[in-house]
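Residue numbers (our numbering), protein chains in the order written: chain A, 38 to 152; chain B, 62 to 174. For reference, the structure is listed below as structure tokens.
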Amino acid sequence: NAGVMQNPRHLVRRRGQEARLRCSPMKGHSHVYWYRQLPEEGLKFMVYLQKENIIDESGMPKERFSAEFPKEGPSILRIQQVVRGDSAAYFCASSPRTGVGYEQYFGPGTRLTVT
Amino acid sequence: DQQVKQNSPSLSVQEGRISILNCDYTNSMFDYFLWYKKYPAEGPTFLISISSIKDKNEDGRFTVFLNKSAKHLSLHIVPSQPGDSAVYFCAARYTGTASKLTFGTGTRLQVTL
Numbered sequence: 038n039a040g041v042m043q044n045p046r047h048l049v050r051r052r053g054q055e056a057r058l059r060c061s062p063m064k065g066h067s068h069v070y071w072y073r074q075l076p077e078e079g080l081k082f083m084v085y086l087q088k089e090n091i092i093d094e095s096g097m098p099k100e101r102f103s104a105e106f107p108k109e110g111p112s113i114l115r116i117q118q119v120v121r122g123d124s125a126a127y128f129c130a131s132s133p134r135t136g137v138g139y140e141q142y143f144g145p146g147t148r149l150t151v152t
Numbered sequence: 062d063q064q065v066k067q068n069s070p071s072l073s074v075q076e077g078r079i080s081i082l083n084c085d086y087t088n089s090m091f092d093y094f095l096w097y098k099k100y101p102a103e104g105p106t107f108l109i110s111i112s113s114i115k116d117k118n119e120d121g122r123f124t125v126f127l128n129k130s131a132k133h134l135s136l137h138i139v140p141s142q143p144g145d146s147a148v149y150f151c152a153a154r155y156t157g158t159a160s161k162l163t164f165g166t167g168t169r170l171q172v173t174l
């Protein structure tokens, strides 16, 4: 059973470009979470999605960031007009459902560098 | 506002001895706590968890203790092995947040020979 897949693993963008990060959850998992880790910091929650629905986006910056989890295909985190401060590791996690005992399993992350 | 705190950025322990990693939290609404382990260039790996209705949970070499009155939890690793060298993150959540996790800043554990 393959784990959570993220691609690309490394992404370099110039300021002003768009970044698209993809996440394929584990088989049978319909809940997806995105977290961001800035250098020397812990992971910070960004958004929680189920298929075709955004459940909680309380951690998403108000502008330039969006996320989706379509009926078919991976979840996408999209960052428009990237700035240097967006440089970070972005982790996706998935779970089969929420609640005690249903832990989140993380992918290897996408390291975004904005030049 | 750092609701989950890991005040020790690093810890060095000899192989075979006990490693104790500490975590404090401020939000009394948290009712479920987790520890994750992270190697460089990899995602966090779930280790062990504990519900707020318990004060101890054990899984092999890993034991987590929860002191609700002190809002403190700790992870004990006995015996420590070189492969345990990694960054350990404490995380917490509460029922009302649909399972989003709040993480501490991590403690880097180095197990020496």
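Even for Gly, the Cβ is constructed at its ideal location relative to N, Cα and C.
Cross-strand partners of residue i (DSSP beta bridge)
i, result
"A/L75", "A/L75 is not bridged to any residue."
"B/L134", "B/C84, B/L127"
"B/N68", "According to DSSP, which records beta bridges pairwise, B/N68 is partnered with nothing at all."
"A/F102", "A/I116"
"B/T166", "For B/T166, which the question treats as bridged, DSSP gives no partner whatsoever."
"A/S132", "A/H68"
"A/V151", "A/R50"
"B/S110", "B/L95"
"B/V33", "A question about residue 33 of chain B goes unanswered here, because the residues of chain B that appear run from 62 up to 174."
"A/E55", "DSSP output for A/E55 lists no bridge partner at all."
"B/S89", "None; B/S89 has no bridge partner."
"B/E9", "As displayed, chain B neither begins before 62 nor continues past 174, which places residue 9 of chain B out of reach and without an answer."
Same chain only: Cβ atoms within 8 Å of residue i, ignoring 5 sequence neighbours per side
i, result
"B/K115", "L127"
"B/S184", "For residue 184 of chain B there is no data in the structure shown, the boundaries of chain B being 62 and 174."
Best match in the options for proximity to residue i [C-alpha to C-alpha]
i, options, result
"B/D92", "B/A152, B/T166, B/R169", "B/A152"
"B/G171", "B/P70, B/K66, B/Q63, B/S135", "Checking the displayed sequence, the identity of residue 171 of chain B turns out to be Gln instead of Gly. Ranking the options by Cα distance to B/Q171, first place goes to B/P70."
"B/R169", "A/R148, A/C129, A/V84, A/E78", "A/E78"
"A/Y85", "B/T163, B/T173, B/G167", "B/T163"
"A/P98", "A/F106, A/Q87, A/M83", "A/M83"
"B/V139", "B/K99, B/I81, B/D62", "B/I81"
"B/V148", "B/Y100, B/I79, B/F94", "B/Y100"
"A/G110", "A/C60, A/V41, A/G40", "A/C60"
Within chain A, partners of residue i - CB distance below 9 Å
i, result
"B/G77", "What B/G77 touches in chain A: nothing, since even the nearest Cβ is about 29 Å away."
"B/F107", "E140, Q141, Y142, F143"
Neighbourhood of residue i by C-beta, 6 Å cutoff - its chain only, sequence neighbours within 5 removed
i, result
"B/H133", "D85"
"B/N83", "S135"
"A/E89", "K108"
"A/L75", "A125"
"A/L58", "L114, Y127, T147"
"B/T166", "Q67"
Proximal residues of chain A, C-beta to C-beta of residue i below 8 Å
i, result
"B/A163", "At residue 163 of chain B the sequence reads Thr, which differs from the Ala that was named. Neighbours of B/T163 on chain A, chain order: F82."
"B/L95", "E140"
Partner residues on chain B for residue i, Cβ-Cβ distance less than 8 Å
i, result
"A/R145", "As written in the sequence, residue 145 of chain A is Pro, which differs from the Arg given in the question. The contacting residues are A102, E103, G104."
"A/F128", "G104, P105"
Spatial neighbours of residue i in its chain, beta-carbon cut-off 7 Å, leaving aside the 5 residues before and after
i, result
"A/R101", "I116, Q117, Q118"
"B/S160", "R154"
"A/I92", "Y85, L86"
Proximal residues of chain A, C-beta to C-beta of residue i below 7 Å
i, result
"B/S110", "E140"
Partners in chain B for residue i, counting only beta-carbon separations shorter than 7 Å
i, result
"A/G79", "F150, F164, G165, T166, G167"
(request) For the region 114-128 of chain B and the region 102-120 of chain A, state whether three or more C-beta atom pairs, one from each stretch, are separated by less than 8 Å. (result) no
(message) Below 8 Å, how does it come out for the region 92-107 of chain B and the region 126-142 of chain A: are there three or more Cβ pairs, yes or no?
(response) yes
(request) Would you check if the region 71-80 of chain B and the region 62-69 of chain A touch, i.e. whether three or more CB-CB distances between them fall below 8 Å? (result) no
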